[in-house]
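Trainee: Below you'll find the structure I mean.
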Amino acid sequence: MIPTTQYADSGGVEIAYKILGDGPRDIVVSMPGPSHLDMLWELPEWIDVLEQLSRLGRTIAFDKRGSGLSDRRLDGITHEDRCRDLVAVMDAAGSSTAALFGMVDSARTALMTAALYPQRVSAVIAVDVLAVGHRDADHPFGWNRTMLRMAQEAIAHGAWGRGVLLRALNPHIKFTDQQVARYARFESLAATPKAAARFFSVDADLDLRPYLSLIQVPVLLLHSEGSPMVPAEGVRWLADRLPHATLKPVHTSFPGLAGTPFQDLAEEIEEFLVGTRGAAENRQVATLLFTDVVGSTTRAAADGDLSWRHLLSTHREAARRACTRFDGTEVSTAGDGFLASFALPSAALRCARQVVSDSIELGIQVRAGVHTGEVAILAGGDLAGIAVHIAARVAALAQPSEILMTDTVRTLVTGTGFAIEPAGEHKLKGVPGDWPISRLVPATEAP
0 MIPTTQYADS
10 GGVEIAYKIL
20 GDGPRDIVVS
30 MPGPSHLDML
40 WELPEWIDVL
50 EQLSRLGRTI
60 AFDKRGSGLS
70 DRRLDGITHE
80 DRCRDLVAVM
90 DAAGSSTAAL
100 FGMVDSARTA
110 LMTAALYPQR
120 VSAVIAVDVL
130 AVGHRDADHP
140 FGWNRTMLRM
150 AQEAIAHGAW
160 GRGVLLRALN
170 PHIKFTDQQV
180 ARYARFESLA
190 ATPKAAARFF
200 SVDADLDLRP
210 YLSLIQVPVL
220 LLHSEGSPMV
230 PAEGVRWLAD
240 RLPHATLKPV
250 HTSFPGLAGT
260 PFQDLAEEIE
270 EFLVGTRGAA
280 ENRQVATLLF
290 TDVVGSTTRA
300 AADGDLSWRH
310 LLSTHREAAR
320 RACTRFDGTE
330 VSTAGDGFLA
340 SFALPSAALR
350 CARQVVSDSI
360 ELGIQVRAGV
370 HTGEVAILAG
380 GDLAGIAVHI
390 AARVAALAQP
400 SEILMTDTVR
410 TLVTGTGFAI
420 EPAGEHKLKG
430 VPGDWPISRL
440 VPATEAP
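What follows is the structure in structure tokens.
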């Protein structure tokens, strides 16, 4: 489920943010570069980043001003404005203090916010960050001004909207056409080419050196070894000048961009914030059933809001009864969707069949998707992980009153008496690869 977008007012500028999870601490994520919060849910790598952070606390992610779902005004933007925007998001979300998480440019903003608003920041996690956005005599790390100008020109005149971010940060990786296309779309939705170049220019001018002694909170510096833009010696230079910094090299490509699992970084962050790593009880294998109502918008318009809400409520109650009957656990309802987890895939299929049958009796039709995979258990019983999104993507492929499943489920229920037939290989939106999908044959069609 994509979290609801909310807005913070920062001096008349609206900053879009979303909240994931709950827990004993707040973690504020300033997205790197131009971003687009809704588009992140089509990028499995970023889903992984945000959901693993949400295991550790209430995670608040936002689009910087000038990009994505936030106001697109960039005229006269200052680095202090960026910090004020971050604090405005905290205020709107009811966060008095938070750990700040940032990558590259947004990591510099997080560190500057810790210097300017020390009472609001409990810690900073900074990934692949240098103290200055450009090379000079006293800071001989990163790109020089000539290289930066060339990059800005390229972004403004044709490179942006073609997956340039993916390639620039990971030149040693060969990406699939599907991966490049996803990030090209992400770039196009996040900002115009000239706005993206402006982002790059603003970041290149940020110099943290005057603020380093003011940063008194614990700082975790994570550096992706082999990063072409952020040399290790530059990160060490920064660590030596922060009063309470811990530097951890990680054997990974730039997280959230290269299809690299975030797990290694998540474990370092968990140890930094919590003092322990990866408690086993926080993850489990579950079978997930996702259903949604077909044609709900049209039906709501035809029936009227009051009548539709009553019908939807009746449908949800029927789905809950079916879930209980087959030993499932309701996870969430959003819009007209229903998500439940089961210990056994056979139980999930039986529940799906019951929900479809009950819905037909109510005069509506649902489609259902079932997948078995590893999930993270969040505070309040919510589930996170790519498996949840796979179940939803499979459901989106189904026809009215149809139940589809991944090959994992089909294999696990072999010999349990279900009639199952192939439904072809499909691409699941935001999930790499081609997925063999199977169809549960309705009882009326079974031999």
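Note that numbering that gives the first Met the number 0 has the sequence shown beginning at 0, numbered continuously upward. A virtual CB, placed ideally from N, CA and C, is assigned to each residue, including glycine. Source: prediction; values computed, not measured.
Here's a check: name, in chain order, each residue in its chain whose Cβ is nearer than 8 Å to the Cβ of Gly-157, leaving out the five neighbours to either side.
Mentor: Pro-192
Trainee: Note down the Cα distance separating Thr-112 from Val-120, rounded to an integer number of angstroms.
Mentor: 8 Å
Trainee: Beta carbon of Val-249, beta carbon of Leu-264: below 9 Å?
Mentor: yes
Trainee: Mind checking which residues open and close the beta strand (DSSP E) that includes Met-102?
Mentor: 97–102
Trainee: Cβ of Ile-14 within 9 Å of Cβ of Asp-62?
Mentor: Against a cut-off of 9 Å, the Cβ pair of Asp-62 and Ile-14 comes out as a contact.
Trainee: Just verifying my parser: in three-state terms, what is the DSSP assignment at Leu-310?
Mentor: If DSSP states are grouped into helix, strand and coil, Leu-310 belongs with the helices.
Trainee: Using C-beta distances below 6 Å, list every residue in its chain close to Val-284, excluding the 5 sequence neighbours before and after it, in chain order.
Mentor: Glu-373
Trainee: Which one or two residues does DSSP pair with Phe-61 in a beta bridge?
Mentor: Tyr-16, Ser-29
Trainee: Within its chain, find whatever has a CB closer than 7 Å to the CB of Gln-364; leave out the 5 residues flanking it on each side and keep chain order.
Mentor: Val-293, Ser-358, Pro-399, Ser-400
Trainee: Return the CA-CA distance between Thr-371 and Leu-55, expressed in angstroms with no decimal places.
Mentor: The straight-line gap from Cα to Cα measures roughly 24 Å.
Trainee: Suppose the cutoff is 7 Å on Cβ atoms and the five residues either side in sequence are ignored; what does the same chain contact list for Gln-151 look like?
Mentor: Hits under 7 Å: Ala-196, Phe-199, Ser-200.
Trainee: Pick from Gln-215, Glu-44, Val-12, Tyr-16: whose alpha carbon is nearest that of Thr-245?
Mentor: Comparing alpha-carbon positions, the option among Gln-215, Glu-44, Val-12, Tyr-16 lying closest to Thr-245 turns out to be Gln-215.
Trainee: Give the DSSP bridge partners of Met-404, in chain order.
Mentor: Val-369, Ser-437
Trainee: Are Leu-115 and Ile-268 close, meaning C-beta to C-beta below 9 Å?
Mentor: no
Trainee: Are the Cβ atoms of Val-27 and Val-128 separated by less than 9 Å?
Mentor: no
Trainee: Output yes or no for whether 9 Å exceeds the beta carbon distance between Val-86 and Ala-106.
Mentor: Cβ distance not < 9 Å, so Val-86 and Ala-106 don't count as in contact.
Trainee: Alpha carbon to alpha carbon, how far is Gly-65 from Trp-159? Give it in angstroms, no decimals.
Mentor: 15 Å
Trainee: With distances taken between CB atoms, is the gap from Leu-73 to His-35 smaller than 9 Å?
Mentor: Contact flag unset, no.
Trainee: Does the stretch 431–438 come close enough to the stretch 405–417 that 3 or more CB-CB pairs lie under 8 Å?
Mentor: yes
Trainee: Would Leu-439 be called buried (16 or more neighbouring beta carbons within 10 Å of its own) or exposed?
Mentor: buried
Trainee: Would you tell me roughly how many angstroms separate the C-alpha atoms of Phe-253 and Leu-165, rounded to the nearest one?
Mentor: Residue placement at Phe-253 is flagged as unreliable, the pLDDT there being 49, under the threshold of 50; a coordinate-derived value is accordingly withheld.
Trainee: Apply the 10 Å Cβ neighbour rule to Leu-305 and answer buried if 16 or more other Cβ atoms are within range, or exposed otherwise.
Mentor: Exposed is the call here.
Trainee: Cα separation between Pro-33 and Thr-415?
Mentor: 50 Å
Trainee: With the cut-off set at 9 Å, would you say Phe-341 and Thr-328 are in Cβ contact?
Mentor: yes
Trainee: Could you tell me which of Arg-319, Val-369, Ala-60 sits nearest to Ile-419, measuring between CA atoms?
Mentor: Val-369
Trainee: Round the Cβ separation of His-314 and Leu-361 to the nearest angstrom and send it over; I've been treating them as touching at under 8 Å.
Mentor: 6 Å
Trainee: Is Arg-352 near Ala-394, with beta carbons less than 9 Å apart?
Mentor: no
Trainee: Pull up the distance between the alpha-carbon of Glu-232 and that of Arg-71, whole angstroms please.
Mentor: 35 Å
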